[in-house]
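Peer 1: Numbering-wise (the working numbering), the sequence shown opens with residue 52 and increments by one.
The beta-carbon is built from N, C-alpha and C at its ideal position, and this holds for glycine as well.
As the structure is a prediction and not an experimental result, all values here were calculated from the model.
One structure coming up, written as structure tokens, with questions to follow.
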Amino acid sequence: MISEFHQLSEKIDQLAALAHSLRRENADLRIYTAALVAENTAISKRMEEAHRRVSALMDKIPLSEQDSEQDEATA
């Protein structure tokens with residue numbers, strides 16, 4: 052009977068250690084996820100800025116004669 056209590060005590064200790072390990076892993080994953088979200092947000096902002104700058108440059112480029120004629124023909 053004492054050995055059964057001892058085995059049960061060991062299993063409880065193992066379960067407590069596993070629960071502690073899982074809590075620590077969960078906390079680490081939350082931090083990692085937050086970092087990835089921040090990185091994704093920063094990259095999205097950079098992409099939007101690059102798109103805005105490319106669009107602005109495209110607006111400054113004059114149309115060639117061929118493009119102008121095609122635009123006039125479709126209008």
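1. For the alpha helix (DSSP H) that contains Ser-106, what are its first and last residues?
2. Which value, in whole angstroms, describes the spacing of the CA atoms of Lys-111 and Glu-99?
3. Do you know offhand how far His-57's Cα is from Leu-73's?
Peer 2: By the coordinates alone:
1. Here residue 106 is taken as the residue at index 55 of the sequence shown, counted from 1. Counting along the chain, the alpha helix (DSSP H) containing Ser-106 begins and ends at 53 to 111.
2. For the purposes of this step, residue 111 is identified with residue 60 of the sequence shown, where counting begins at 1. For the purposes of this step, residue 99 is identified with residue 48 of the sequence shown, where counting begins at 1. Rounded to the nearest angstrom, the two C-alpha atoms are 19 angstroms apart.
3. As a working mapping, residue 57 is identified with position 6 in the sequence shown. As a working mapping, residue 73 is identified with position 22 in the sequence shown. Each residue's Cα considered, the two are about 24 angstroms apart.
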